[in-house]
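Numbers -19 to -1, 1 to 529, taken from mature numbering (1 follows the signal peptide of the UniProt record, and there is no 0), label the letters of the sequence shown in order.
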Amino acid sequence: MLCLGWIFLWLVAGERIKGFNISDCSTKKIIWTYSARSEEEFILLCELPKPQKSHFYDRNQHSPTQGPAYLPCSDSNDVSDVQWYLQPQNGDTLREITKNYSHIILDKNTLRFLTMEMNNAGSYICRPRIRRPQDEACCVKMVLEVKPKTNISCVNPVPHKKYLLLGSTDSIYCPSLSCQSDGQSLEMTWYQACRFSFSFPFGLVLIVTGTCWHSVSLATRRTVKDTTLKPDILDPIKDTLEVQLGKPLTLHCKARFGFEKNFRPVIKWYSKDSNQQLEIPNTQKECVKSTPQDEVIDCVLRFEKVTQSDLLKTFICFAQNSIGNTTQSIQLKEKKGVVFLYILLGTVMALAGALTTSALVYMNWIEIVLLYRTYKRKDETLGDKKEFDAFISYAKWSSFDSEASSSLSEATFALNLFPEVLENKYGYTLCLFERDVAPGGVYAEDIVSIIKKSRRGIFILSPNYVNGPSVFELQAAVNLALDDQTLKLILIKFCPFQEPESLPHLVKKALRVLPTVTWRGLKSVPSNSRFWTQMRYHMPVKNSKGST
């Protein structure tokens, strides 16, 4: 629906422009001569015919004629808000000017051309934006013809700025008037751009009928005494500047010039190499500050990248007025220690990164190993002729009160929790003496036989264990592990205990060198806790249903 609405508006607008007969408009012919070095702006002013006016422009003769050749515009038309149209000189269709361009500014009843070019020639039409049906012919057509400037008298046009002494009389001349229409006499009208005020500044605008308008900025002063001082260089203030080779650079030659009625400032950059001094072309100059007392002008020198040859030169900022000249030199020097600083920072960052990576690897080493095992899919249990992945040894007799931090007993821990996690979840095969060994045999022989059939020995240490007969199982496993390299022992510190003096020397040594995993009560119960991750790390690598 929105698209249909836009199409309808486009068709209506196109029909309105198509039905707009520009031959009914009063016509003016404008000839503009321009110069590439001119500072002038070209401005088209929409002056609609008024009922009280008796002079109109004949579109056929292009000259003023007497009599009402066209119907005047009604008093209700708003001349401060008009529509502008353009019909190019090449015969293209009429189109409305609805937005600003890079060199044309649309400002209500004026069109400001910042720069004038040959392709700007054509017919410019203006009419009120708000009008009555009978005011369709209320419009002005301005035929603009653009010519390049050939008159030699335009080399030194009248300046666009003039200083006046308060209470005195002086004359104001139209800038570049001699450049227009080959010196033809023109009718001129002066306009003041804002309400007159004795406070500074105020501006005047000159309109030349049939040509264009020019602006003259006026500044009132209580004195017209010229400065007696040379220009004051504000930048650069140092003799040297540290730079980086290969990087872009901008140098500013900024100078303050005192007031002069005939103000002709000179500001430029020179480069001095050995004994040769040359002016640097293509510098950009702009006025950064202007007051009745002085002006500050900046001459900008830009380097795409600083080279080694630039370091051998001296750059001179030169400023001159009618009193004399002032200079300030500056030399470029390569920043020392920049490469070393980069190397040092890179080394420190690399070292910090390595330390951070090492810390992360250390903290998560077990997880990394388990992940590697998962993707490597290596089974180290193949061909070892062993029946169990691990034999679990715990205290079967409780002659001491449990000091575990949780209410979980050693028997429950060994007989229930271990099978639930390691067997059911991760697929390991465990050997529990009460569950997997048939009664009636010799205890010592059965323990030795089971340990030989196991790849790991898990020993749940507690005061009951180290002070009871079950410590025999640990002693037997240590003796067997000395001969069987595939048998590895894992100690679980179930609760704190103190080693009794009666422990065999071999067991005491094993308690200090064998890997130990600490049980942390209820915190270690979940199957994804740190405790079970460490247990899996010490268990044999195999392809099981729960390895992932």
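Built from N, CA and C at the ideal position, the CB exists for glycine as well.
Just so you know, these numbers come straight off a predicted model, no measurement behind them.
If we count the other Cβ atoms within 10 Å of its Cβ and call it buried at 16 or more, is residue i buried or exposed?
i, result
"R436", "buried"
"F512", "buried"
"F475", "buried"
"Y82", "exposed"
"S505", "buried"
"M520", "buried"
"E391", "buried"
"V423", "exposed"
"R108", "buried"
"D370", "buried"
"I373", "buried"
"M123", "buried"
"M330", "exposed"
"R493", "exposed"
"residue 549", "Because the chain is modelled from -19 through 529, residue 549 falls outside the range shown and cannot be assessed."
"A333", "exposed"
"A419", "exposed"
"L232", "buried"
"V459", "buried"
"L468", "buried"
"G421", "exposed"
Looking only at DSSP bridge pairs, what is residue i linked to?
i, result
"E77", "Y66"
"V423", "For V423, which the question treats as bridged, DSSP gives no partner whatsoever."
"residue 557", "No information on residue 557 is available, as it lies outside the stretch -19 to 529 that the chain covers here."
"K266", "C280"
"S435", "F369"
"D216", "K235"
"Y105", "L67, M123"
"V224", "E315"
"Q258", "K253"
"D88", "T91"
"I24", "R93"
"D275", "G239"
"C412", "F372"
Can you give the beta carbon distance from residue i to residue j, rounded, assuming they're within the 8 Å contact cut?
i, j, result
"L495", "L463", "That belief does not hold up - the Cβ atoms of L495 and L463 are roughly 12 Å apart, past 8 Å."
"L389", "P400", "About 14 Å separates the two Cβ atoms, so there is no contact after all."
"E98", "I11", "Contact flag wrong, Cβ pair sits at about 15 Å."
"I304", "L210", "6 Å"
"V287", "L326", "About 22 Å separates the two Cβ atoms, so there is no contact after all."
"P217", "C298", "6 Å"
"I24", "L95", "In fact, because the Cβ distance is near 10 Å, the residues do not count as touching under 8 Å."
"G103", "Q64", "With 8 Å as the limit, G103 and Q64 do not qualify as a contact, their Cβ atoms being about 16 Å apart."
Measuring straight from C-alpha to C-alpha, what distance separates residue i and residue j?
i, j, result
"L396", "S339", "39 Å"
"L75", "K31", "25 Å"
"K259", "T221", "Lys is not the amino acid found at residue 259; the sequence shown has Leu there. Distance between the alpha carbons of L259 and T221: 20 Å."
"K228", "I111", "57 Å"
"I248", "D213", "11 Å"
"G364", "S483", "40 Å"
"N100", "P129", "12 Å"
"P450", "Y407", "31 Å"
"L442", "A335", "38 Å"
"S430", "V488", "20 Å"
"L282", "D88", "35 Å"
"K366", "T328", "53 Å"
"P444", "A376", "9 Å"
"N302", "V277", "13 Å"
"E415", "L455", "17 Å"
"N243", "C268", "17 Å"
"Q309", "Q257", "17 Å"
"S510", "L230", "60 Å"
"E426", "L403", "26 Å"
"I86", "V121", "19 Å"
"D291", "K219", "17 Å"
"E223", "P262", "23 Å"
"M516", "A491", "18 Å"
"G239", "N306", "13 Å"
"C27", "S252", "51 Å"
"T79", "Y66", "9 Å"
"P182", "T272", "Its pLDDT being 38, under 50, P182 is placed unreliably by the model, and the measurement read from it follows with that caveat. About 10 Å."
"D73", "T264", "40 Å"
"N90", "D207", "40 Å"
"L472", "F321", "53 Å"
"T514", "Y409", "14 Å"
"Y518", "Q225", "54 Å"
"K523", "E361", "6 Å"
"T295", "I324", "31 Å"
TODO: Taking only runs that begin and end inside the region 462 to 523, name each unbroken alpha helix (DSSP H) of 4 or more residues, in chain order.
DONE: 486 to 494, 511 to 519
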